[in-house]
Amino acid sequence: MQIKRINHLCSAYPCHSGLEDCTFCYCPFYPCLKAELGSYIYSENLKKEVWSCENCNVVHKQKTVDKIFKLIRENTAL
Ligand code: SF4
């Protein structure tokens, strides 16, 4: 049984299509600079180019989050 890790009360919900997991609401890999996951866009507000990952949901997949937690556990000295 998979544990539900979605914040249905979030005002941005659902922030990405295929959202499965809100654990890493802000991506720990930002900006990943991987062209297959995002791209630079011009921000009118900031008046400069910023990395956009609006179409990426990699970090919102449960399998990805589970892998990140596994890596943290394996590489953290207790
Ligand atoms: S990932 Fe963050 S912004 Fe997206 S629905 Fe979950 S809590 Fe809201």
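In this text, residue positions in the sequence shown follow this note's numbering: the first is 1, and each later residue adds one. No residue lacks a Cβ here, since even glycine has one placed at the ideal position from N, Cα and C. Predicted model, so just to flag it, every value in this text is computed and none were measured.
Next on the checklist: Within the continuous alpha helix (DSSP H) that includes residue 50, where are the two ends?
Outcome noted: Counting along the chain, residue 50 falls outside any alpha helix (DSSP H), though it belongs to the beta strand (DSSP E) covering 48-52.
Item to check | For review: beta carbons within less than 7 Å of any heavy atom in the ligand SF4 | outcome: 6, 7, 10, 12, 13, 14, 15, 16, 19, 22, 25 and 60
Item to check | Delimiting residues of the alpha helix (DSSP H) encompassing residue 68 | outcome: 62-74
Checklist entry - Going by alpha carbons, who is nearest to residue 49 out of 66, 24 and 31? => result 31
Item to check | 7 Å Cβ shell around residue 82 - same chain, five flanking residues per side excluded | outcome: Coverage of the chain is limited to positions 1 through 78, which leaves residue 82 absent and any answer about it impossible.
Item to check | For residue 8 and residue 76, the rounded distance between their alpha carbons | outcome: 31 Å
Checklist entry - Would a check of beta-carbon distances place residue 48 closer than 9 Å to chain D? => result Among the protein chains of the structure shown there is no chain D, as only one such chain exists.
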